Amino acid sequence: MTAITDIYDQLVTLIEAALTDYVRLPDPYNVDENTELFLRKGYGVAFGDDTNTNRKIGCNKVSIDQQFVVPIMNQVTTTDTNAVGHAALEKALIEDKFKIVKAIETDSDLSGKTMKALYLGSSAITYLEGDRNKYLLTELFISTEYLEVTT
Numbered sequence: 013m014t015a016i017t018d019i020y021d022q023l024v025t026l027i028e029a030a031l032t033d034y035v036r037l038p039d040p041y042n043v044d045e046n047t048e049l050f051l052r053k054g055y056g057v058a059f060g061d062d063t064n065t066n067r068k069i070g071c072n073k074v075s076i077d078q079q080f081v082v083p084i085m086n087q088v089t090t091t092d093t094n095a096v097g098h099a100a101l102e103k104a105l106i107e108d109k110f111k112i113v114k115a116i117e118t119d120s121d122l123s124g125k126t127m128k129a130l131y132l133g134s135s136a137i138t139y140l141e142g143d144r145n146k147y148l149l150t151e152l153f154i155s156t157e158y159l160e161v162t163t
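For what it's worth, the numbering used here labels the leading residue of the sequence shown as 13, then goes sequentially.
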């Protein structure tokens with residue numbers, strides 16, 4: 013098994029501990045495809061780009077910067093004309109986002125799985141509308157630097 017799969021699993025564990033009332037999305041790459049599900053709150057972990065950092069580490073090791081995209085989405089449970097209700101849902105989503113940020117800042121090496129994990133930023137909140145439900149969505153961008161053994 014490679015180090016990156018352990019890092020992925022640890023990131024999932026960290027998010028599940030931070031967002032206890034969320035359900036994992038089956039498709040974190042096409043988030044709008046998940047709007048047909050019956051869920052109130054969902055999160056995902058998607059592999060993003062990776063880069064060889066070209067650090068001189070030693071024999072049989074390569075340093076890689078792996079990006080992850082973490083979508084979190086909450087069902088819109090108010091009417092379209094309820095501005096106060098929409099604002100409350102947006103603020104709740106941002107509060108949940110910062111639960112993940114705090115968890116990463118607290119465990120910046122993901123329990124020893126990475127050299128470092130960083131919260132890079134997030135997308136603006138977007139509105140998803142499916143046939144059954146409507147959701148607010150934001151995506152967090154996480155960077156992890158780790159060593160992969162090449163032998």
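By construction, the Cβ of each residue, glycine as well, lies at the ideal position given by its N, Cα and C atoms. Note that the coordinates shown come from a computational prediction; the quantities given were computed from them, not determined experimentally.
- Just so you know, the alpha carbons of Lys128 and Asp33 end up roughly 27 Å apart.
- Sixteen is the threshold: since fewer than 16 other Cβ atoms of the shown chains lie within 10 Å of the Cβ of Gly133, the residue is exposed.
- In this structure, the beta-carbon distance from Gln22 to Leu122 falls below 8 Å.
- Here DSSP, grouped into helix, strand and coil, assigns Phe110 to helix.
- Relative to the Cα of Glu107, the nearest Cα in the group Gly142, Val88 and Thr150 belongs to Thr150.
- Shortest Cα-Cα distance from Thr89 to any of Thr63, Thr118, Ala104 and Pro83 involves Ala104.
- The continuous alpha helix (DSSP H) containing Thr25 extends over residues Ala15 to Ala30.
- Within a 10 Å sphere around the beta-carbon of Gly56 sit 16 or more other beta-carbons, which makes this residue buried.
- One alpha carbon belongs to Ile19, the other to Asp61, and they sit about 15 Å apart.
- Counting along the chain, Phe80 sits inside the beta strand (DSSP E) bounded by residues Lys73 to Gln87.
- Following the DSSP letters along the chain, one finds Leu149 inside the beta strand (DSSP E) bounded by residues Lys146 to Val161.
- The count of Cβ pairs closer than 8 Å, one atom from the region 111–119 and one from the region 36–45, stays below three, leaving the stretches out of contact.
- For Thr91, no beta strand (DSSP E) segment is defined, and its DSSP state is neither H nor E.
- Looking from the CA of Ile84, the closest CA among Glu160, Ala136, Thr156 and Ile16 belongs to Ala136.
- Counting along the chain, no beta strand (DSSP E) covers Leu51, and no H or E run does either.
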